[in-house]
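Residue numbers (the numbering used here), protein chains in the order written: chain S, 81 to 438; chain Z, 522 to 812; chain V, 400 to 666.
Note that beta-carbon positions come from the ideal geometry of N, C-alpha and C, so glycine has one too.
What follows is a set of notes on a single structure, which appears directly below.
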Amino acid sequence: MRFIFRTSYSQDYGLAQHNGHLFWYGLLLAALVAAPWLVGSYWTSQLTFVLIYAIAGLGLMVLAGYTGLVSIGHAAFLGVGAYTQAVLTGQGWSFPVALAASAGLSAAVGVVVGLPALRVKGIYLAVATLAFGFIVEEVMARWEHVTGGNAGLSVKAPAMFGWTASSAPAFYLLVLGVCLIVTLAVLNLLRSSTGRAFIAIRDSEISAQSMGIHLAHYKTLSFALSAAIVGVAGALYAHKLRFISPEQFGIAQSIDLLLLVVVGGLGSVHGAFFGAIFLITMPQFIALFKNWLPPAIGQAAGLQAVVFGIVLMGFVLFEPTGLYGRWVKLRTYLELFPTYRRGMFRRQKTFQKSERVR
Amino acid sequence: MEFIQLLISGAALGCIYALIALGFVLIYKATETVNFAQGELMMLGACTGYLLMLWFKLPFLWAALVSIVGMAGFGMLLERAVIRPILGQPQFTVVMLTIGLGYITRGLVTMLPGIGTDTHVLDVPYRGQVWKLGTLVLSAEQGAVIGITLALCLGLFLMFKYTKLGVAMQAASQNQLAAYYMGIPVRRLNGMVWGLSAAVATVAGLLLAPITFVHVNMGFIGLKAFPAAVVGGFGSLPGAVVGGLIIGIVEALAGFYLPEGFKDVAAYVVVLLMLILKPSGLFGEKQRKKV
Amino acid sequence: MSQILLSARDLSVRFGGVLAVNKVSFDVRRGEVFTLIGPNGAGKTTVFNLISRIYLPTTGTLSFDGQPIDRTPAHGIAALGIARTFQNIELFEHATVLQNLLIGFHTHRRSGFWSDLLFAPAARRNEIAARRKAEEVIELLRLMRYRDQRVAGLPYGVRKVVELARALCSAPQLLLLDEPSSGLNAEETEDMAWWIQDIQRELGITVLMVEHDMTLVSRVSDRVLAMNQGEVLALGTPAEVQAHPGVIEAYLGTIDDVSSLRREAVQ
Numbered sequence: 081m082r083f084i085f086r087t088s089y090s091q092d093y094g095l096a097q098h099n100g101h102l103f104w105y106g107l108l109l110a111a112l113v114a115a116p117w118l119v120g121s122y123w124t125s126q127l128t129f130v131l132i133y134a135i136a137g138l139g140l141m142v143l144a145g146y147t148g149l150v151s152i153g154h155a156a157f158l159g160v161g162a163y164t165q166a167v168l169t170g171q172g173w174s175f176p177v178a179l180a181a182s183a184g185l186s187a188a189v190g191v192v193v194g195l196p197a198l199r200v201k202g203i204y205l206a207v208a209t210l211a212f213g214f215i216v217e218e219v220m221a222r223w224e225h226v227t228g229g230n231a232g233l234s235v236k237a238p239a240m241f242g243w244t245a246s247s248a249p250a251f252y253l254l255v256l257g258v259c260l261i262v263t264l265a266v267l268n269l270l271r272s273s274t275g276r277a278f279i280a281i282r283d284s285e286i287s288a289q290s291m292g293i294h295l296a297h298y299k300t301l302s303f304a305l306s307a308a309i310v311g312v313a314g315a316l317y318a319h320k321l322r323f324i325s326p327e328q329f330g331i332a333q334s335i336d337l338l339l340l341v342v343v344g345g346l347g348s349v350h351g352a353f354f355g356a357i358f359l360i361t362m363p364q365f366i367a368l369f370k371n372w373l374p375p376a377i378g379q380a381a382g383l384q385a386v387v388f389g390i391v392l393m394g395f396v397l398f399e400p401t402g403l404y405g406r407w408v409k410l411r412t413y414l415e416l417f418p419t420y421r422r423g424m425f426r427r428q429k430t431f432q433k434s435e436r437v438r
Numbered sequence: 522m523e524f525i526q527l528l529i530s531g532a533a534l535g536c537i538y539a540l541i542a543l544g545f546v547l548i549y550k551a552t553e554t555v556n557f558a559q560g561e562l563m564m565l566g567a568c569t570g571y572l573l574m575l576w577f578k579l580p581f582l583w584a585a586l587v588s589i590v591g592m593a594g595f596g597m598l599l600e601r602a603v604i605r606p607i608l609g610q611p612q613f614t615v616v617m618l619t620i621g622l623g624y625i626t627r628g629l630v631t632m633l634p635g636i637g638t639d640t641h642v643l644d645v646p647y648r649g650q651v652w653k654l655g656t657l658v659l660s661a662e663q664g665a666v667i668g669i670t671l672a673l674c675l676g677l678f679l680m681f682k683y684t685k686l687g688v689a690m691q692a693a694s695q696n697q698l699a700a701y702y703m704g705i706p707v708r709r710l711n712g713m714v715w716g717l718s719a720a721v722a723t724v725a726g727l728l729l730a731p732i733t734f735v736h737v738n739m740g741f742i743g744l745k746a747f748p749a750a751v752v753g754g755f756g757s758l759p760g761a762v763v764g765g766l767i768i769g770i771v772e773a774l775a776g777f778y779l780p781e782g783f784k785d786v787a788a789y790v791v792v793l794l795m796l797i798l799k800p801s802g803l804f805g806e807k808q809r810k811k812v
Numbered sequence: 400m401s402q403i404l405l406s407a408r409d410l411s412v413r414f415g416g417v418l419a420v421n422k423v424s425f426d427v428r429r430g431e432v433f434t435l436i437g438p439n440g441a442g443k444t445t446v447f448n449l450i451s452r453i454y455l456p457t458t459g460t461l462s463f464d465g466q467p468i469d470r471t472p473a474h475g476i477a478a479l480g481i482a483r484t485f486q487n488i489e490l491f492e493h494a495t496v497l498q499n500l501l502i503g504f505h506t507h508r509r510s511g512f513w514s515d516l517l518f519a520p521a522a523r524r525n526e527i528a529a530r531r532k533a534e535e536v537i538e539l540l541r542l543m544r545y546r547d548q549r550v551a552g553l554p555y556g557v558r559k560v561v562e563l564a565r566a567l568c569s570a571p572q573l574l575l576l577d578e579p580s581s582g583l584n585a586e587e588t589e590d591m592a593w594w595i596q597d598i599q600r601e602l603g604i605t606v607l608m609v610e611h612d613m614t615l616v617s618r619v620s621d622r623v624l625a626m627n628q629g630e631v632l633a634l635g636t637p638a639e640v641q642a643h644p645g646v647i648e649a650y651l652g653t654i655d656d657v658s659s660l661r662r663e664a665v666q
């Protein structure tokens, strides 16, 4: 059982709350850096995907988990980032500059997509983002002389300052570096007044206004930031796959991102990572177990859809705090053993205050 | 003349959107949940009709009737088992639940031996017939869609206005607490609204099947019904119908007069325009929180 | 520095066919506790919402510290030095008490988006300043126990105090309290009375409040404004207003009505 005694403000707002944090996260970082030499090339590749999806998950988490604005068309930003990176590196731009351009263009598109958010809420906003998602996907398919249309576009390996990250371990370490930077940036935002302004908008817009938070400014900022982060993930995704086409950035990918944040744990940075691990490893598990199922079920094309649907529904019904929430409960149980009380994390039964006035 | 022909085919597709949007709005008015699985319910209804004809050799009208009634029961079951436990949670979680439901439905349907991932033809008695009015051609499928949608809307309108059940449903959707006080069994009514919504979706599926064939992904058309419901104003039943018709007609016109690719995004451009011009939709109410 | 902090002149607001507030005028002097009383539906919270610029008046003007605030947007009110609490608690449920208080400090932030992103020294200084203010308020209102707890699980009385604390964290000149004692028991109301007096005397903050509990009103208020059906009924000290015949009629009905309620003593 650990009691945290704080003696200075810097301890209060610090990222690592106690030495245990530093130790375990340091160990995790060391393991991740050493991964290409510890696990084979297949798992290094899977880890790269996990990190890329974690970055995308962080982007959506900032918007949906922390600012409370739901976006059902977020794969559009993944696509914008991917295509910008593909086109610019194809023209010889170096990796960091192209990455910054992808993030910037994504952010600009994010501002445009966020314009409805200033006037409408809830399902109306969700449908607006859905609409944008479809429109951007169609633009990517039609703008053939830039994006190659439905035939797709091939992508070169990342190159900068004379060095090319052409081998899998080198690319993996590059992705790990970008992921670390993005995670630290998001954590910094969340412990400062900008992040708190997002949370205020999520929980009560009227009181946020009374505290001096300019709603339009912060909502637009949240959209732009979220789009920029997902754009970075898209750029890395393009380099990883070496070939992109518009259908990879459609509604299915958007729903996958939503699945990621909900199953991972909405409203937490860890949730993005847990969700990414789930999204990448679940198909592996399904592939492993499907031979044990009767052929009518095991070989059906829809098996993955059924499993994902059941897991999603299970989490929504029984564990709304997601994988990270379940992990927190487990950790608390182990920390407090044997004094863990069953009702410690019981949810307050919330009664929905109707958003309709009449 | 081409213009009117386009209007007719646009209206026919628009009626399908209208029926699905009607299903959404019914559920939203009653329980303030958004059902992302409405398209899948439509697909399930069409598949049920098809399988009843395939396995049990039922004639079309009987298969249609049985599937409508069966799906209504399924809708009520769904509400009881899955939706009721999570009422009161934020809207986003409920939306994710219905998305999960859609996934499961699509996946399970691929496992049914009669369906799999192939396309199937629904053998309707009026297949292939056409009616001619001068140079205008109206296929029987399109005529059936428009006619039955009109009849259904009329029926629903009469039900909501004149029957006790309809009035009770309106009451429960406007003010739940007051409805409880008046002795209205609100939870049972919510179940019935889900049943009604599933039945309407089944009718849409059975009407759509002759036009687009029965296959597991036919529910994706449901995604276009969202813009339809939003254009009409999300809490309004006549709005859903009008919105659906608008989207259908705009799509048909865009497909003919505008370059390729605009047809697919026409619905979404329309909804964005509506959100800019009139954010609460054509017939929607302006929402504001009272502090 | 003039005597008058907040001034309302002929304030009216119409919602559809209903005139919720009708030509209401009053002045709030610097350093006083000014209370609005009246039956439910009198328009008191509507006046608050007009001052917070959540509603826009149909006619009339409002000025704060000599400057008209008719063009200030809702999010600009806190920067002027006006803070408020809400009748039905509007706290940030999924954040801790400390985070709620830190959000209260938002108008005084001295770091922008980029320094937050990099957690530059400007952001660090902002954090320390915000926490210093929050700790002062926590100490004043005895919220130490609840500092790091999620608001969602707290009892109602504590949430009312957190709402007050959050408003105080913005270091306002004028504090709007909407029914501070509603839902509180006798001890909690007693605490609230002490705090309102501390806020007035030690912190030098002017308080404008809406209240139903007459004991609390008489105890802490310097002046009282009685409203009924959107109009001003009476203005004066608590004793003067409570004796005003119009106020008595609004709350109890006319003399004739009351006499019909008198019962003969049973022998």
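Using alpha carbons as the reference points, say which of the options lies closest to residue i.
i	options	result
residue 537 (chain Z)	Z:768, Z:586, Z:715, Z:779	Z:768
residue 128 (chain S)	S:374, S:229, S:260	S:260
residue 256 (chain S)	S:130, S:338, S:380	S:130
residue 763 (chain Z)	Z:533, Z:584, Z:526, Z:525	Z:533
residue 740 (chain Z)	Z:751, Z:752, Z:725	Z:725
residue 500 (chain V)	V:464, V:560, V:455	V:560
residue 468 (chain V)	V:452, V:412, V:417	V:452
residue 613 (chain Z)	S:271, S:420, S:205, S:88	S:205
For a contact defined as C-beta to C-beta under 9 angstroms, what are the partners of residue i on chain S?
i	result
residue 570 (chain V)	Residues of chain S passing the Cβ test: none, with the nearest at roughly 12 angstroms.
residue 525 (chain V)	272, 273
State yes or no: is the C-beta of residue i within less than 8 angstroms of the C-beta of residue j?
i	j	result
residue 690 (chain Z)	residue 678 (chain Z)	no
residue 754 (chain Z)	residue 802 (chain Z)	yes
residue 548 (chain Z)	residue 757 (chain Z)	no
residue 303 (chain S)	residue 190 (chain S)	yes
residue 441 (chain V)	residue 626 (chain V)	yes
residue 773 (chain Z)	residue 670 (chain Z)	no
residue 390 (chain S)	residue 262 (chain S)	no
residue 233 (chain S)	residue 515 (chain V)	no
residue 492 (chain V)	residue 283 (chain S)	yes
Beta strand (DSSP E) containing residue i: first to last residue?
i	result
residue 741 (chain Z)	Element bounds for residue 741 (chain Z): n/a, residue is neither H nor E.
residue 434 (chain V)	432-436
residue 626 (chain V)	622-627
Given that residue i touches chain V, what residues does it touch there, using C-beta distances under 7 angstroms?
i	result
residue 276 (chain S)	498, 501, 502
residue 269 (chain S)	515, 516
Compare the C-beta of residue i against all C-beta atoms of chain B and say whether one is closer than 8 angstroms.
i	result
residue 777 (chain Z)	Of the protein chains in this structure, namely S, Z and V, none is chain B.
Could you name the residues of chain S that residue i contacts, counting a contact when the two beta carbons are closer than 7 angstroms?
i	result
residue 747 (chain Z)	207, 210
residue 453 (chain V)	286
residue 731 (chain Z)	Chain S residues near residue 731 (chain Z): none, gap ~24 angstroms exceeds 7 angstroms.
What are the boundary residues of the alpha helix (DSSP H) that residue i is part of?
i	result
residue 336 (chain S)	331-344
residue 425 (chain V)	Run containing residue 425 (chain V): none in the alpha helix (DSSP H); it sits in the beta strand (DSSP E), 417-428.
residue 576 (chain V)	It is not in any alpha helix (DSSP H) - residue 576 (chain V) instead sits in the beta strand (DSSP E) that spans 573-577.
For a contact defined as C-beta to C-beta under 8 angstroms, what are the partners of residue i on chain V?
i	result
residue 265 (chain S)	516, 517
Could you tell me which chain Z residues have their CB closer than 9 angstroms to the CB of residue i, listed as they occur along the chain?
i	result
residue 214 (chain S)	744, 785, 786, 788, 789
- Message: I want to know whether the segment 554-565 of chain Z touches the segment 720-737 of chain Z - three or more CB-CB distances under 8 angstroms.
- Response: Because the criterion of three Cβ pairs below 8 angstroms is met, the segment 554-565 of chain Z and the segment 720-737 of chain Z touch.
- Message: For the pair the segment 157-176 of chain S and the segment 300-314 of chain S, tell me if three or more CB-CB distances fall below 8 angstroms.
- Response: Three or more pairs of CB atoms, one per stretch, sit closer than 8 angstroms, so the segment 157-176 of chain S contacts the segment 300-314 of chain S.
- Query: How do the segment 609-618 of chain V and the segment 434-447 of chain V stand: do at least 3 beta-carbon pairs fall below 8 angstroms, yes or no?
  - Reply: The segment 609-618 of chain V, when compared against the segment 434-447 of chain V, does touch it at the 8 angstroms Cβ threshold.
- Stretch-stretch touch, CB-based, cutoff 8 angstroms, three pairs: the segment 342-359 of chain S with the segment 108-127 of chain S: No: the two stretches stay apart, fewer than three of their Cβ pairs being nearer than 8 angstroms.
- Item | Cβ contact check for the segment 319-328 of chain S and the segment 493-509 of chain V: 3 or more pairs under 8 angstroms | No contact exists between the segment 319-328 of chain S and the segment 493-509 of chain V.
- Query: Using 8 angstroms as the Cβ pair cut-off and three pairs as the minimum, do the segment 455-464 of chain V and the segment 404-411 of chain V touch?
  - Reply: Flag = yes, the segment 455-464 of chain V and the segment 404-411 of chain V touch.
- Segment contact, 8 angstroms Cβ cut-off, at least three pairs: the segment 315-325 of chain S with the segment 517-528 of chain V: Here the segment 315-325 of chain S makes no contact with the segment 517-528 of chain V; the two share fewer than three CB pairs at distances below 8 angstroms.
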